[in-house]
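Working notes, beginning with the structure itself.
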Amino acid sequence: MADELTKGFEPKDIEARWYAHWQANGVFAASDDPNDARPRYVLPMPLPNVTGSLHMGHAMMCTLEDVLTRAHRMMGFNTLYQPGTDHAGIATQVVVERQLKRDNVSRHDLGRDTFIERVWEWKAECGSRIVEQQQVLGLSADWQRSVFTMDAGYSRAVREAFVRLYHEGLIYRAKRLIYWDCAAQTVLSNLEVDSEEENGELFEFAYPVEDGGEIVVATTRPETMLGDSAVAIHPDDPRYTHLHGKFVVHPFVERRIPIVCDPILVDPTFGTGAVKVTPAHDFNDFETGKRHNLELIEILDSEGRINDHGGSFAGLERFEARKAVKRALDEKGLARGAKGHRLMIPRSQRTGTVVEPMLSTQWFVKTEPLAKPALEAVQTGKTVILPEEWTKTYEHWMTNILDWCISRQLWWGHRIPAWYCDACGHATVVNAEALSACEKCGSTSIKQDEDVLDTWFSSGLWPFATQGWPDKTPALERFYPASDLETGYDILFFWVARMMMMGIHFMGEPPFKRILLHSLVVDETGKKMSKVIGNVIDPLDLINGSDFENVVQKALPGAPLDEAMKKFKKAYPSTASMGAGFEAYGTDALRFTLCSYSPQSKRIPLSPKKIEGYRHFCNKIWNATRFALGYVEGATVGASAPAATLRINRWLLARLEDACVEAKKGIDDFRFDDATARLYHFFWGELCDWYLELTKPVFAGDDAEAKRETRDVLAYALEATLRALHPFIPFITEELWQRLPKPASSPVSIALARLPEAGVGRIDADAVREMTALQEVIGAVRTIRSEREVHPAAQVPVVLRVSEPTLRAVLEDDRRSLETLMKTSSLSLELPGGSRPEGAALSHAAGVEVLVLLKGIVDPAGEKARIERELKKAQKNVEALEKKLGAKGFADRAPPEVVKETEEQLQGYRERIRILDEARALAEEL
RNA sequence: AGGCGGGUAGCUCAGCGGCAGAGCGGCGGCCUUACAAGCCGUUGGUCGCAGGUUCGAUCCCUGUCCCGCCUACCA
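When we follow the numbering used here, the leftmost residue of the first sequence carries the number 1, and every step to the right adds one.
Rendered as structure tokens:
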């Protein structure tokens, strides 16, 4: 540690070292001490799947959450970032089954108990990977408290919730039309189904009418006609009036099918205006069936094969059956042709297979009574959603919520605590892992429900089940409700809404004060990251660096390298200029980048170039500190800003104050883009570009008191700035902070130091105004030098003419600063109106006439062109302002200060024109 | 179809009643002893279109055209 800083910032060297330091010192641990008087900050981590590995979405989420966590810890809160992992029912089961398949074994071969053992083994092997990756990201979660949703305690909470809701009548079992995943062999909730538009066909065929004639219907799923129990027409459709009350004959099975009139289902302008009705396999038809009391004819088994109701088609797989039905209709002369048709195909999120609406007995949560208070909590502001616009989406969803199917035909998960009695048929629902007798008749011939609960049911209990609920533990008392919940907007309904409902129901108050939502991380062109498009980026490749070959193989597994490369480069145009791969940008650069995107936009187009830019920023911080370390040894750093008399020091402390206040506001408002932008600008644009440059002449000079003051201010401001930056870039700030002089009572880690807030610096309007004038004057000289192509090292005489006494004094006072930054050995201050030096370029800034003596180096034509350009600009401004001032009603209706300000602006531009006119005359003489 | 959001510099996006901003890029000049992962300067905009409210509109209102996302879908 005592060794010197390397010339450039190398993230790899420092990250692992400091994470170990934090862990060893218990920096992340929340306090259980009942006497701890600090306010609490609790943030439940959106639990990743145990099957998962870290992707960009996690990186985004984790970064924002860790910033919130670290910032609050530094604000003096007793902070709990509650980590954990989710057993992820379907996802995990699918992964392990796939593994078994390699050995040609199915889960049924193993049996339920053995299979579950296998899943646990797998979890023990691979379940910690995502946690390790989260630690690479620097997460300051309290890992000691990590919870897995299948832990014994958590499982007990899940059963308890089920049992209570059941006895309150909020959970019921019913036969309903549900979405069925034929591959995973389970029911899915409507949220686990994604519909995409795909090409299909609209197939038309005729039903013979009983008394002769026919009626033509159209369908995209011809095989479902085996389960038809009606043909519907619109009651007012004149084409079909003669068929009212008639029947058609099913061509394949012995069945008379009624023709019904239904104005809701039938749109007479679409297709033939006649619709086949299959109540057991279509949601709309199901409703129609209820209206007309139609027969429910199931034709599919759980694997998607036609069952006995399908007559001669029985046993055929559903897509085979489709072809067979079409062929058979054709043979009977009933086919009436087909046309191409775009339609929405519902697919399982997990297995990708087309899901089938099927009738099935399942467990449901009655959502309406739970949703109402969850809606009210947001409407009354007890829970706030940020960014605000999501409130409407939440309300819309909560008011249109459907009952929630919570049973799943899986083995991996929380088994439903219901036992059915063979003797009396009663269902015993109790919080137990095993049951020996029916609670009603005492029979021991009972059987537990085979199904498990939807994963979202268990994760809906997260904010309180992690703290020991249903027991009234001290942890539950202390850490419920949580403060914030941060997550992607895509699981607002899946998860957030569920936690709101469950939290309010079981705990009596909403689980969070704020719900903070971030957007989807997409590729540079705005497309969703997917292994089909080949635009997935592993965050660790950005942190550790990686050849594009490696990156691309992960993005599009199994594809030829050049094809994958082409797709990848197309998705990330900015990589074109990046050579053979990503350099090791480090965790800090990635985190800072992710924070810099506005949470309001719906997409976050990840740009590797931008990450590179923020690695440059880290390098800048590194080098600025390296510079400062050469001067700050022995500095006295106190808890508050040191006294300052020099203008540059007063100015820096004023800017520090502003930057820290703005950054804190950004954090408070969940506007990390504002916070990072302000800190970036302060550090680079103010501290480095101006302040450090201005300290150079001071440190090179021989005014001991000025040196001492500047040393103290530099050390103080840098130390404070690192603290302000720490939540965003924890590693580099810790590394540098440890090397700087700091207050005597500083903690073992910057992570435990205070976040700078109002009062860290000092408001000093005079210093800011005066420094701004200096900056403008220096800028004017630099512009002239640059446009005249004066070599940056060349010393050129400068004359400043100013009448205003205060400003004149400031310029005189900071002569040394001006000379350094203007690169002049000969600076003279004069009153306006003196003679015109030969070969002078003239400009104007902050009320000062700026003359740069360029005789011999000047290009008269270029000089004139520049002046003309500036004159034109100034004249345009004058015209605009004159028009504004002269506009009807402006003077008497606009606020006086606005009028005054406008007049002053106009004066300024007029003055500028006067000087530029002179400059033009002067240029003529060159 | 309904709901929500967006159209601002070449690109990605802030700003949302009172002189149009940032980062990246472009252009010109510099290896100036913290940093070439850098320094200095500079160029980019009828703020989607049309009306309205206002002394004043990128910002508020109405209409309109595009583009996303979500929900529900026509068998």
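Idealized CB from N, CA, C, for every residue including glycine.
Report all residues from its chain with a CB closer than 6 Å to the CB of residue i; omit the five preceding and five following residues, and keep chain order.
i             : result
alanine 564   : Gly534, Val552 and Leu556
glutamate 4   : none
alanine 206   : Glu214, Val216, Leu334 and Arg336
methionine 1  : Unreliable placement is indicated for methionine 1, whose pLDDT of 46 sits below 50; no coordinate value is reported for it.
proline 837   : Leu853
tyrosine 179  : Leu188, Val193 and Val355
threonine 149 : Asp86, His87 and Ser458
Starting from residue i and walking both ways along the alpha helix (DSSP H), at which residues does that stretch end?
i                 : result
methionine 60     : 56-74
phenylalanine 568 : 561-571
leucine 550       : It should be noted that the sequence gives asparagine, not leucine, for residue 550. Per DSSP, asparagine 550 belongs to the alpha helix (DSSP H) from 548-555.
tyrosine 41       : Unbroken run through tyrosine 41 is the beta strand (DSSP E), 40-44; no alpha helix (DSSP H).
isoleucine 537    : Looking at the DSSP string, isoleucine 537 is not in any alpha helix (DSSP H), and its letter there is neither H nor E.
threonine 51      : Premise fails: threonine 51 is in no alpha helix (DSSP H) and is neither H nor E.
tyrosine 154      : 152-167
Give the secondary structure of residue i by DSSP, where H, G and I count as helix, E and B as strand, and everything else as coil.
i             : result
alanine 580   : coil
histidine 234 : coil
threonine 695 : helix
tryptophan 18 : helix
threonine 367 : coil
alanine 184   : coil
tyrosine 394  : helix
lysine 7      : coil
threonine 676 : helix
histidine 309 : helix
aspartate 490 : helix
valine 810    : helix
alanine 921   : helix
lysine 665    : helix
lysine 900    : helix
arginine 754  : coil
tyrosine 631  : coil
histidine 341 : strand
threonine 820 : helix
In its own chain, which residues sit with a C-beta less than 7 Å from the C-beta of residue i, not counting the 5 before and 5 after it?
i              : result
glycine 57     : Gly488 and Val521
tyrosine 166   : Val429
glutamate 160  : Asn431 and Pro470
methionine 398 : Ala371, Ala374, Leu375 and Ala497
So the candidates are the options; which of them puts its Cα closest to the Cα of residue i?
i                 : options                           : result
tyrosine 172      : Thr367, Thr587 and Met150         : Thr367
valine 632        : Cys660, Thr710 and Glu612         : Thr710
phenylalanine 252 : Leu736, Asp308, Ser312 and Asp211 : Ser312
glutamate 719     : Arg514, Leu139, Thr636 and Ser786 : Thr636
alanine 418       : Ile401, Leu453 and His396         : Leu453
glycine 84        : Tyr597, Gly111 and Pro48          : Pro48
valine 796        : Glu819, Glu812 and Val802         : Glu819
aspartate 237     : Asp109, Val260, Asp538 and Phe247 : Val260
glycine 847       : Leu881, Leu827 and Leu811         : Leu811
glutamate 612     : Tyr585, Ala432, Tyr691 and Gln600 : Tyr585
methionine 45     : Pro896, Tyr81 and Asp451          : Tyr81
threonine 645     : Met61, Leu54 and Asp814           : Asp814
Check for me: the beta strand (DSSP E) holding residue i runs from which residue to which?
i              : result
proline 605    : 603-605
isoleucine 784 : Run containing isoleucine 784: none in the beta strand (DSSP E); it sits in the alpha helix (DSSP H), 765-787.
aspartate 194  : 193-208
serine 828     : 827-830
serine 843     : 840-845
glutamine 99   : Premise fails: glutamine 99 lies in the alpha helix (DSSP H), 89-102, not in any beta strand (DSSP E).
arginine 801   : 798-801
Could you pull out every residue in the same chain whose Cβ sits closer than 8 Å to the Cβ of residue i, ignoring the five residues on either side in sequence?
i              : result
lysine 332     : Pro251
asparagine 400 : none
Please find out if some non-hydrogen atom of the ligand FAD comes closer than 7 Å to the beta-carbon of residue i.
i             : result
glutamine 185 : This structure simply doesn't include the ligand FAD, nor any ligand for that matter.
Suppose only complete runs of 4+ residues qualify. What are the alpha helix (DSSP H) ranges in the region 241-295, listed by chain order?
283-292
Every unbroken alpha helix (DSSP H) within the region 698-744, with a cutoff of 4 residues, ordered by chain:
704-725 and 730-737
What are the complete beta strand (DSSP E) segments, minimum 3 residues, inside the region 401-475?
418-421, 427-429 and 446-448
With a floor of 3 residues, list each beta strand (DSSP E) that falls wholly inside the region 495-527, ordered by position along the chain.
514-518 and 520-522
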